[in-house]
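Q: Encoded as structure tokens, here's the structure I'll be asking about.
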Amino acid sequence: MGQDSAKRGLPREHRGRVARRLRDGFSKSRPRSPVASSSVAGPHPRGSPCAGRRGTSHQRRGDPMRIHYLQCGTDCPLGGALFDGFSRGILGHIPCAAQLVETNEGLVLIDTGYGTEDVRHPHPRLSKFFHALLNIRFRLRETALYQIVALGYSPADVRHIVLTHLDFDHAGGLEDFPNARVHVMEAERDAAERKRQGFIARRRYRPAQWNEVREWRTYAGGGERWFGFENARALDGLPPEILMVPLPGHTAGHAGIAVQSDTGWVLNAGDAYFYRRELDADRRRCTPGLRFYQRLMDTDRSLRFANQERLRDLRQSSAVTVFCSHDAKELEAMQRGRCIGGVETCSMARMTSHSAGREGARINAT
9 MGQDSAKRGL PREHRGRVAR RLRDGFSKSR PRSPVASSSV AGPHPRGSPC
59 AGRRGTSHQR RGDPMRIHYL QCGTDCPLGG ALFDGFSRGI LGHIPCAAQL
109 VETNEGLVLI DTGYGTEDVR HPHPRLSKFF HALLNIRFRL RETALYQIVA
159 LGYSPADVRH IVLTHLDFDH AGGLEDFPNA RVHVMEAERD AAERKRQGFI
209 ARRRYRPAQW NEVREWRTYA GGGERWFGFE NARALDGLPP EILMVPLPGH
259 TAGHAGIAVQ SDTGWVLNAG DAYFYRRELD ADRRRCTPGL RFYQRLMDTD
309 RSLRFANQER LRDLRQSSAV TVFCSHDAKE LEAMQRGRCI GGVETCSMAR
359 MTSHSAGREG ARINAT
């Protein structure tokens, strides 16, 4: 699914143009593009979701935010269906999901997957242990930078990056967007930079992926209640329709990212779970490979299980669409606007004007 899904997001007729733009370079010293905070300028490929809006405000206040569901990396671990639950061959198919959100404040990227430098120079940027364990397939066309350029944008148009956490498969593309403000939980940055001890911690957190980040925003306690979750908070410089929801367990500062779409709230649960059936109301289960990997990466297993239970209740309530970072079937459903857990997701092509919901709009950063 990973390669096919990447191709769906990158039309064949645009690949040569994108490759030329990347070859010619968007250097890290490139200045911020001269656009107002309420608009995103730049050419859009004919037929793309952004076509016909060049040089105009990309979103009117009150319009729903357009969400692009991206696959920014593919892992193919040995074990096939023992990992992903559906592969017929010996290799599994595990995507690294990300979201690109168009807002009045510019483009917002939620997680980055693997970046261009990971593709070009995987070692020593990444751990050989995880490279081998996950059988990572480094593909330039799957990087967030490549896909954003394919939509007709410049890297400088990405004003904010919101991270579920700082693991190597979520933060690899930070340096591809040097003008972006990076938002993450304070506990996560502290764990990655000052508590990076032990075999797994030293290999999951790779400082080379973020050592050129210019502007960080970190968040600690406080916030408001959101669908039963405590301490959900709006983010500095972003609209109240984008919230950070603490979901510790996988890492100390792991969080989900909630976005208000025209059909309701969508929660990117990151690595709070890995397999779609973990949130089933009855007979919930996980594949052996992903169960092993989650146990390997846990920092607090009881917290992870507790948050999974809350996510399970949230999905069963049909109030929020919930998806995770590494389930191929869930990502495909989000890209195609199919149903997940009884909630219909909204694909890019079906976005229509809709007033923002009241829940979460009152939540302000503290």
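Sequential numbering from 9 applies to the sequence shown in our numbering. We put the beta carbon where it would ideally sit given N, CA and C, even for glycine. A quick note: this is a predicted structure, and the numbers were derived from the prediction, not measured.
#1: In three-state terms, what does DSSP make of residue 113?
#2: Measuring CA to CA, which of 344, 269, 122 is closest to residue 144?
#3: What residue from 164, 223, 82 has the CA that sits closest to residue 115's CA?
#4: Which residue wins for smallest C-alpha separation from residue 289, given the options 220, 325, 306?
#5: Count the other C-beta atoms from every protein chain shown that fall within 10 angstroms of the C-beta of residue 182, then say buried if there are 16 or more, exposed otherwise.
#6: Here's a check: name, in chain order, each residue in its chain whose Cβ is nearer than 8 Å to the Cβ of residue 313, leaving out the five neighbours to either side.
#7: Just verifying my parser: in three-state terms, what is the DSSP assignment at residue 205?
#8: Buried or exposed for residue 260, going by 16 or more other Cβ atoms inside 10 Å?
#9: Roughly how many angstroms separate the alpha carbons of residue 90 and residue 245, rounded to a whole number?
#10: Need the endpoints of the beta strand (DSSP E) that residue 301 sits in, please.
#11: Got a sec? Which residues, its chain only, sit under 7 Å from residue 298 by beta carbon, not counting five neighbours each side?
#12: Give the straight-line distance between the Cα atoms of residue 291 and residue 316, rounded to the nearest whole angstrom.
#13: What is the residue span of the alpha helix (DSSP H) that residue 152 lies within?
#14: Would the stretch 263-273 count as touching the stretch 125-140 if we require 3 or more Cβ pairs under 8 Å?
#15: Classify residue 98: buried if its beta carbon has 16 or more other beta carbons within 10 angstroms, exposed otherwise.
#16: Between which two residues does the beta strand (DSSP E) carrying residue 124 extend?
#17: Under the three-state reduction of DSSP, which class applies to residue 139: helix, strand or coil?
#18: For residue 84, which of 103, 77, 266 has the nearest alpha-carbon?
#19: Residues in the same chain with beta-carbon distance under 6 Å from residue 224, minus the five sequence neighbours each way, listed in chain order, please.
#20: Can you tell me which of 161, 234, 194, 101 puts its alpha carbon nearest to the alpha carbon of residue 327?
#21: Can you check which of these residues, 192, 161, 180, 174, is closest to residue 146 by C-alpha distance?
#22: In the structure shown, what three-state DSSP assignment does residue 165 receive?
#23: Just the Cα atoms here: how many angstroms apart are residue 158 and residue 277?
#24: If you drop the 5 nearest sequence neighbours on each side, which residues of the same chain put their C-beta closer than 8 Å to that of residue 229?
#25: Which residues mark the beginning and the end of the alpha helix (DSSP H) in which residue 344 is found?
A: Once the coordinates are examined:
#1: Taking the first residue of the sequence shown as position 1, residue 113 is located at position 105. DSSP places residue 113 in coil when its eight states are reduced to three.
#2: As a working mapping, residue 144 is identified with position 136 in the sequence shown. Measuring from the Cα of residue 144, the nearest candidate turns out to be 122.
#3: Locating residue 115 in the sequence shown gives position 107, counting from the first residue. The option with the nearest alpha carbon to residue 115 is 164.
#4: Here residue 289 refers to the residue found at position 281 when the sequence shown is read from its first residue. Of the candidates 220, 325, 306, the one whose C-alpha sits nearest the C-alpha of residue 289 is 325.
#5: Here the question's residue 182 lines up with position 174 in the sequence shown. By the 10 Å Cβ count, residue 182 comes out buried.
#6: Numbered from its first residue, the sequence shown carries residue 313 at position 305. 257.
#7: Stepping through the sequence shown from its first residue, residue 205 is reached at position 197. Residue state, collapsed to three classes: coil.
#8: As a working mapping, residue 260 is identified with position 252 in the sequence shown. Answer is buried; the Cβ neighbour count reaches 16.
#9: Your numbering for residue 90 matches position 82 in the sequence shown. Your numbering for residue 245 matches position 237 in the sequence shown. About 42 Å.
#10: Numbered from its first residue, the sequence shown carries residue 301 at position 293. Run containing residue 301: none in the beta strand (DSSP E); it sits in the alpha helix (DSSP H), 296-305.
#11: The sequence position of residue 298 within the sequence shown is 290, counting from 1. Answer for residue 298: 91, 282, 283, listed in chain order.
#12: Mapped onto the sequence shown, residue 291 falls at position 283. Mapped onto the sequence shown, residue 316 falls at position 308. Those two C-alpha atoms are separated by around 14 Å.
#13: As a first step, residue 152 must be located in the sequence shown, where it is residue number 144. Where residue 152 is concerned, the enclosing alpha helix (DSSP H) stretches over 152-158.
#14: no
#15: Position 90 of the sequence shown holds residue 98. Residue 98 comes out exposed.
#16: Numbered from its first residue, the sequence shown carries residue 124 at position 116. First-last for residue 124: 124-128, but that is the alpha helix (DSSP H), not the beta strand (DSSP E).
#17: Within the sequence shown, numbered from 1, the residue matching residue 139 stands at position 131. Looking at residue 139 - three-state DSSP - the assignment turns out to be helix.
#18: As a first step, residue 84 is located in the sequence shown; it is residue number 76 there, counting from the start. Of the listed residues, the one whose Cα sits closest to residue 84 is 103.
#19: Within the sequence shown, residue 224 is the residue found at index 216, counting from 1. Excluding residues within five positions, the ones whose Cβ falls inside 6 Å are 190.
#20: On the sequence shown, residue 327 is found 319 positions in, with the first residue counted as 1. For the residues 161, 234, 194, 101, the minimum Cα distance to residue 327 belongs to 234.
#21: Position 138 of the sequence shown, counted from the first residue, corresponds to residue 146. Answer by Cα proximity: 180.
#22: For the purposes of this step, residue 165 is taken as the residue at position 157 of the sequence shown. Correct three-state label for residue 165: helix.
#23: The residue given as residue 158 occupies position 150 in the sequence shown. The residue given as residue 277 occupies position 269 in the sequence shown. The straight-line gap from Cα to Cα measures roughly 26 Å.
#24: For the purposes of this step, residue 229 is taken as residue 221 along the sequence shown, with counting starting at 1. Cβ neighbours of residue 229 beyond the five flanking positions: 239.
#25: Taking the first residue of the sequence shown as position 1, residue 344 is located at position 336. Where residue 344 is concerned, the enclosing alpha helix (DSSP H) stretches over 336-344.
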